[in-house]
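Engineer:
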Amino acid sequence: MAVAGTIGLGGILEELKRLREDFEKWIKMEKKRWEAANKRFARIETTLGAIAEAQFSRYVWEELREEIRGRGEAVLRRERNVDLDGVDLLVETDRHVYVVEVKTRPKIADVGALLAKCDVAQQKLGKPAIPILTGVMIGREVEAYARGRWVRIMKF
Numbered sequence: 002m003a004v005a006g007t008i009g010l011g012g013i014l015e016e017l018k019r020l021r022e023d024f025e026k027w028i029k030m031e032k033k034r035w036e037a038a039n040k041r042f043a044r045i046e047t048t049l050g051a052i053a054e055a056q057f058s059r060y061v062w063e064e065l066r067e068e069i070r071g072r073g074e075a076v077l078r079r080e081r082n083v084d085l086d087g088v089d090l091l092v093e094t095d096r097h098v099y100v101v102e103v104k105t106r107p108k109i110a111d112v113g114a115l116l117a118k119c120d121v122a123q124q125k126l127g128k129p130a131i132p133i134l135t136g137v138m139i140g141r142e143v144e145a146y147a148r149g150r151w152v153r154i155m156k157f
């Protein structure tokens with residue numbers, strides 16, 4: 002109370018009001034900074050995802066190419082990001098269509114999505130579709146589920 006007596010209660014209340022206003026301005030500035038940072042994080046995440054998908058597609062292609070040659074199949078086309086129900090990598094041979102889903106950490110739902118993409122590819126291209134799921138962190142549950150549905154797993 003001694004301080005309140007020398008400065009005055011009105012002065013203290015005014016100073017508290019200024020502190021609160023400054024704090025609210027700081028909160029708004031921080032909110033804007035976090036919004037900008039989150040946008041940058043999202044761009045980084047998208048870019049890293051695209052790079053990883055391209056790299057995994059290449060790894061799968063390198064392995065498949067040798068297998069396909071060994072079976073005597075002729076590759077008709079190899080295409081990434083096919084406008085065929087969002088297929089990550091499609092390899093069409095004279096006998097089969099290989100439909101590849103690339104996920105860093107696939108979920109069980111991704112297996113179902115891959116099988117649906119295979120159905121679309123098989124109907125549109127008129128060849129048996131072979132589903133392939135690739136990634137780095139494929140859990141045991143997802144792997145067991147996929148193998149139970151005849152989905153080939155390629156881990157890198």
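Under the numbering used here, the first residue of the sequence shown carries the number 2, and numbering increases by one thereafter.
Even for Gly, the Cβ is constructed at its ideal location relative to N, Cα and C.
Model, not experiment: these values are computed from the prediction.
(1) Does the beta-carbon distance from glutamate 67 to isoleucine 109 come in below 8 Å?
(2) Consult DSSP for isoleucine 133 and reduce its assignment to one of helix, strand or coil.
(3) Three-state secondary structure (DSSP) at glutamate 93?
(4) To the nearest angstrom, how far is the alpha carbon of valine 121 from that of glycine 71?
(5) I'd like the list of long-range same chain contacts for arginine 34, defined as Cβ closer than 8 Å, with 5 residues on each side in sequence excluded.
(6) Start and end of the alpha helix (DSSP H) containing lysine 32?
(7) Taking three-plus beta-carbon pairs below 8 Å as touching, is the region 112 to 127 in contact with the region 77 to 96?
(8) If I measure Cβ to Cβ from glutamate 31 and keep anything under 8 Å in the same chain, skipping five residues before and after, which residues do I get?
(9) Just tell me which of Glu144, Arg150, Val137, Tyr146 has its CA closest to the CA of phenylalanine 157.
(10) So, using beta-carbon positions, are valine 98 and alanine 130 closer together than 8 Å?
(11) Using alpha carbons as the reference points, say which of Leu126, Glu15, Arg44, Gln56 lies closest to leucine 77.
(12) How many angstroms separate the CA atom of leucine 134 from the CA atom of arginine 19?
(13) My understanding is that lysine 128 touches arginine 96, with C-beta atoms under 8 Å, so please give their C-beta distance in whole angstroms.
(14) Per DSSP, what kind of secondary structure is arginine 106 in: helix, strand or coil?
(15) Can you check which of these residues, Val61, Phe42, Glu25, Ile13, is closest to methionine 155 by C-alpha distance?
(16) Secondary structure at arginine 78, three-state DSSP: helix, strand or coil?
Structural biologist: Quick look at the numbers:
(1) Counted from its first residue, the sequence shown places residue 67 at position 66. Counted from its first residue, the sequence shown places residue 109 at position 108. For glutamate 67 and isoleucine 109, no; Cβs fall outside 8 Å.
(2) Indexing the sequence shown from 1 puts residue 133 at position 132. Strand at isoleucine 133.
(3) Here residue 93 refers to the residue found at position 92 when the sequence shown is read from its first residue. Strand, per DSSP.
(4) Reading the sequence shown from its first residue, position 120 is the one you call residue 121. Reading the sequence shown from its first residue, position 70 is the one you call residue 71. C-alpha separation (whole angstroms): 27 Å.
(5) The sequence position of residue 34 within the sequence shown is 33, counting from 1. Answer for arginine 34: no residue qualifies.
(6) Residue numbering aside, residue 32 sits at position 31 when the sequence shown is read from its first letter. Counting along the chain, lysine 32 sits inside the alpha helix (DSSP H) bounded by residues 10 to 72.
(7) yes
(8) By one-based count along the sequence shown, residue 31 stands at place 30. Excluding positions up to five away in sequence, the list is empty.
(9) Position 156 of the sequence shown, counted from the start, is the residue given in the question as residue 157. Of the candidates Glu144, Arg150, Val137, Tyr146, the one whose C-alpha sits nearest the C-alpha of phenylalanine 157 is Val137.
(10) Within the sequence shown, the letter at position 97 stands for residue 98. Within the sequence shown, the letter at position 129 stands for residue 130. Their beta carbons are under 8 Å apart, which means valine 98 touches alanine 130 by this criterion.
(11) Locating residue 77 in the sequence shown gives position 76, where the first residue counts as 1. It is Leu126.
(12) One-based indexing of the sequence shown puts residue 134 at position 133. One-based indexing of the sequence shown puts residue 19 at position 18. The C-alpha of leucine 134 lies about 59 Å from the C-alpha of arginine 19.
(13) Counting from one through the sequence shown, the residue named residue 128 turns up at place 127. Counting from one through the sequence shown, the residue named residue 96 turns up at place 95. Between arginine 96 and lysine 128 the Cβ distance is about 7 Å, and since that is below 8 Å, they are a contact.
(14) Reading the sequence shown from its first residue, position 105 is the one you call residue 106. Arginine 106 falls in the coil class under three-state DSSP.
(15) Start at 1 with the first residue of the sequence shown, and residue 155 comes out as number 154. With distances taken between Cα atoms, methionine 155 lies closest to Val61.
(16) Taking the first residue of the sequence shown as position 1, residue 78 is located at position 77. Reduced to three states, the DSSP call for arginine 78 is strand.
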